[in-house]
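Have a look at the structure below before the remarks.
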Amino acid sequence: MQHSQSAVTLGANKGSWADIKKEEGMRKRSNTAQNLQFYGEGQALLGEPRGEPGYTVPLLLSCCVALVSAFQFGYNIGVTGALNTDFIFPEAVKSTTQKNLEWSIVVSIFAIGGPIGSLVAGQISQTYGRKKALIFDSFLFILAGGLMAFANNIYWLMAGRFLVGFAAGTVSVVVPLYLGELAPPNLRGALGTGYQFGVVLGILAADVLAFGFSDVSDGFAHPGWRFMFGFTAIPALLQLALASFLTESPRWLLTQNKPKEAADKSIRFPLIVGIALQIAQQLSGINAVMFYANSFFKGVHLANPLVGATLVGAINVISTGVALVLMDTAGRRPLLLWSCGGMIVSCILLTLGLWHMLPYYDMVSVGGVMLFVWFFEIGLGPIPWLIVAEMFPAKPRPTAMSVATMVNWTFSFVVGIAFPTMQSSLLENTFVPFGIVLTIAFIFVYKYVPETKGKTLEEIQQDMTKM
């Protein structure tokens, strides 16, 4: 029956390949529309009357499986802050200086692999699709976890950390992209914030696990650090087992039938906004707090620094949950402004506390850190990832996200390397530069960042052409 229909079509059109392709395109569009309705946003994307779609089981399953990757990202950020540096095997370490140098490389090489992973992620996700890119990430995390868990010297551990950084770099592009493309307009803020929620949940998991495994006096002979580093393979195996619940992004399917979109000034403005927000996120100082949480709490004489770091992780999760609820009601711009403003106040409190200018200055400093983290996670933490995924047309979106994410990773590496020197040089004024950056970010958000709440991706891109 199918063959005879094709023959009739060929006869009627005298072999017109243009008409055959047109029919093929309509059939693909129909299939993609069904895929979009599966998630609840087919009408909006295809220009049909838009309702208010809600959460569906397939949508939630796809998002939850994708967010395992975000958890991995956060866990591998937090694991080095949670572990005690004394795990390094004694026979290979001749001095404290060498030990600290090796540990610094283990920490920072993660942020070298990240930008490389983010650069290739756009091409991978555009060529093979978002689903296959996520599955590829799972294999990378499994391989990296194995390398670190079975390392017999510091160099294999460094190799594993580089690879897990590469995997995290691809995650930081693919997961926000995937979530942004699946979600209907009225849920995109909440689901997009889910990425940051997964990250902070991973950081908290590392802090909690560290209570059992951080004190490793036997060095490489102790199994605790191997479990801590190798644990990253376990969620990856779970994600692979659940990969059948991932359905391909309908917007990626649509791009397979579209001609290449020309780069023009409508892409430049959102790229500038996206890059500026990623820079502000890193130069706000948040990773300085997270990377060096234990040492910071030692500096303010907290009895058990690991308790302080775990408390920071818990506040991370709670405040991100608050942002998830508010994102589609309050909007992106107000939350960003409140976030920057609150972090500026936190920097002032931290500086006054470190200068011993307030009663109970130790507790003021710790409270300043908690407020800093809280305000970061209601705006400047989740929104740069969310808004970059919203502002670009479908074709250039993965590449634009790769560029913005590479900038994020690069500045993360710079802050991670520079913060210890800055801390020892500026002492009580350590958070003053971060406060200045946040003031500039507040002004930038007020003047240039558009509100994207409640709009389809196509409506947002139309707005971008007017700016």
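Going from the sequence shown to the numbering used here is simple: count from 1 and add 10.
Yeah, the Cβ is synthetic: ideal placement off N, Cα and C, and Gly gets one too.
Buried versus exposed call for residue i [16 or more other C-beta atoms within 10 Å across all chains shown]
{"i": "A428", "result": "exposed"}
{"i": "L205", "result": "In the sequence on display, residue 205 carries Tyr and not Leu. With 16 or more Cβ atoms within 10 Å of its Cβ, Y205 is classed as buried."}
{"i": "L263", "result": "buried"}
{"i": "N163", "result": "exposed"}
{"i": "R39", "result": "In this predicted model, R39 has a pLDDT of only 49, less than 50, meaning its place in the structure is not dependable; the value taken from the coordinates is given anyway. Exposed: under 16 other Cβ atoms inside 10 Å."}
{"i": "P408", "result": "buried"}
{"i": "R278", "result": "exposed"}
{"i": "R299", "result": "Note that residue 299 is Val in the sequence shown here, rather than Arg. It counts as buried."}
{"i": "K405", "result": "buried"}
{"i": "I87", "result": "buried"}
{"i": "I98", "result": "Unreliable placement is indicated for I98, whose pLDDT of 45 sits below 50; the coordinate value is still reported in the next sentence. Classification for I98: buried."}
{"i": "T489", "result": "Residue 489 is absent from the structure shown; the chain starts at 11 and stops at 477."}
{"i": "S227", "result": "Bear in mind that a pLDDT of 47 at S227, under 50, signals an unreliable position, so the number given afterwards is only what the model happens to contain. S227 should be labelled exposed."}
{"i": "A243", "result": "buried"}
{"i": "Q472", "result": "exposed"}
{"i": "T440", "result": "buried"}
{"i": "F241", "result": "buried"}
{"i": "P394", "result": "buried"}
{"i": "Y431", "result": "Sequence check: residue 431 is Thr here, not Tyr. Exposed is the call here."}
{"i": "P369", "result": "exposed"}
{"i": "I453", "result": "exposed"}
{"i": "F221", "result": "exposed"}
{"i": "T475", "result": "exposed"}
{"i": "L293", "result": "buried"}
Cβ pair residue i, residue j closer than 9 Å
{"i": "V376", "j": "G295", "result": "no"}
{"i": "L144", "j": "A253", "result": "yes"}
{"i": "A193", "j": "C73", "result": "yes"}
{"i": "A92", "j": "V181", "result": "no"}
{"i": "L359", "j": "G389", "result": "no"}
{"i": "R236", "j": "F172", "result": "no"}
{"i": "A333", "j": "P392", "result": "yes"}
{"i": "S422", "j": "G124", "result": "yes"}
{"i": "Q433", "j": "P245", "result": "no"}
{"i": "E400", "j": "T462", "result": "yes"}
{"i": "G179", "j": "I119", "result": "no"}
{"i": "G84", "j": "L211", "result": "yes"}
{"i": "S356", "j": "L396", "result": "no"}
{"i": "F255", "j": "P68", "result": "yes"}
{"i": "Q288", "j": "V78", "result": "no"}
{"i": "R342", "j": "L467", "result": "no"}
{"i": "Y456", "j": "L362", "result": "no"}
{"i": "V116", "j": "L167", "result": "yes"}
{"i": "A286", "j": "L189", "result": "no"}
{"i": "A177", "j": "L150", "result": "yes"}
{"i": "P403", "j": "V283", "result": "no"}
{"i": "T330", "j": "T415", "result": "no"}
{"i": "G155", "j": "V174", "result": "yes"}
{"i": "S128", "j": "W419", "result": "yes"}
Boundaries (first-last residue) of the alpha helix (DSSP H) holding residue i
{"i": "S356", "result": "R342 to L364"}
{"i": "K457", "result": "V442 to Y458"}
{"i": "A404", "result": "Run containing A404: none; DSSP gives neither H nor E here."}
{"i": "D338", "result": "Segment: none, D338 is in no alpha helix (DSSP H) and carries neither H nor E."}
{"i": "N86", "result": "V67 to A92"}
{"i": "T265", "result": "P260 to T265"}
{"i": "A9", "result": "Given that the chain is displayed from residue 11 to residue 477, the structure contains no residue 9 and the question cannot be resolved."}
{"i": "E469", "result": "L467 to M474"}
{"i": "L368", "result": "Careful: L368 lies outside any alpha helix (DSSP H) and carries neither H nor E."}
Proximity test, Cβ basis, 9 Å: residue i and chain C
{"i": "M337", "result": "Looking for chain C here will not work: only one protein chain is present."}
> Counting Cβ pairs, one atom from each stretch, are 3 or more of them under 8 Å apart for the segment 128–141 and the segment 183–199?
Replying inline: With the cut-off at 8 Å, the segment 128–141 and the segment 183–199 touch.
> Considering only residues of the segment 131–183, which uninterrupted alpha helix (DSSP H) runs meet the minimum length of 4 residues and lie entirely inside it, listed in chain order?
Replying inline: Those alpha helix (DSSP H) runs which fall completely within the segment 131–183 and span 4+ residues are 140–159.
> Between the segment 208–223 and the segment 119–137, are three or more C-beta pairs nearer than 8 Å?
Replying inline: Between the segment 208–223 and the segment 119–137 there are fewer than three C-beta pairs closer than 8 Å, too few to call the two in contact.
> Touching or not, the segment 439–448 and the segment 316–336, by the rule of three or more beta carbon pairs under 8 Å?
Replying inline: In short, these stretches do not touch, since the Cβ pair count stays below three.
>> Which runs of the alpha helix (DSSP H) at least 4 residues long sit entirely within the segment 384–431? Give them in chain order.
In response: Runs of the alpha helix (DSSP H) spanning 4 or more residues and lying entirely within the segment 384–431 occur at 393–401, in chain order.
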